[in-house]
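Undergrad:
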Amino acid sequence: MPTHHALIESALHRYNTVFDCLHEVITRERTFALFQQIADTYAPTLTARHARGPVVQQWLSAMQQTGSCSQEIQLDLNFRRTGNVVLSLGPSAAKPVWAMAHLDMISFLTGAYANGRYPLTPYCEARQTSGRRAALALDFGQNPAGEIAESGWLSS
């Protein structure tokens, strides 16, 4: 039985120039710039396609216009109506390699202010440990990417 590494290597073997191209196009500087743009765009739970999806869309479009990225890469901002952002390569539904990333942030719904605090309800599967962390309250009223309404601390 071949290892996972051998299976992936076998699947990519037919694209013999892909790694040369990847090393030329995907530099540390470009990667950091993209990740910084994504990280600086707030995307609470279930908003990734509206907030961070357009960042990926702009990046992909710019790469395709300069010819450094295949026109066959397709971007779906709402893959199978799940709210997930998906990049896929080629027309075939079966792909030899899948890579996935998580684009939204951990979110909490706030209750009414009482006794000097806002009660929080996890709007996600929260796995944090007890402690105090920096937190932001976002307002999506006018801007689909969200605007910081307040900042403070989350204590649990």
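Heads up: take any position in the sequence shown, counting from 1, add 201, and you land on the numbering used here.
Glycine is no exception: its CB is placed at the ideal position from the N, C-alpha and C atoms.
For clarity, every value in this text was computed on a predicted model and none was experimentally measured.
#1: State the start and end residues of the unbroken alpha helix (DSSP H) segment that holds residue 232.
#2: Which one or two residues does DSSP pair with residue 349 in a beta bridge?
#3: Let me make sure I understand the geometry here. Which of 313, 316, 356, 315 has the alpha-carbon closest to that of residue 334?
#4: Counting Cβ pairs, one atom from each stretch, are 3 or more of them under 8 Å apart for the region 278-286 and the region 209-229?
#5: Residue 341 and residue 323: beta carbons closer than 8 Å?
#6: With the cut-off set at 8 Å, would you say residue 256 and residue 242 are in Cβ contact?
#7: Quick one: using the 10 Å Cβ neighbour count with 16 as the cut-off for buried, is residue 218 buried or exposed?
#8: Does the beta-carbon distance from residue 352 to residue 337 come in below 8 Å?
#9: CB residue 276 to CB residue 261, shorter than 8 Å?
#10: Tell me which same chain residues have a C-beta within less than 7 Å of the C-beta of residue 248, skipping the five on either side of it?
#11: Whose CA, out of 206, 216, 244, 223, lies closest to the CA of residue 344?
#12: Of the residues 214, 330, 293, 354, which one's Cα is nearest the Cα of residue 317?
TA: Walking through what the data contain:
#1: 229-240
#2: 339
#3: 356
#4: no
#5: no
#6: yes
#7: exposed
#8: yes
#9: yes
#10: 305
#11: 244
#12: 354
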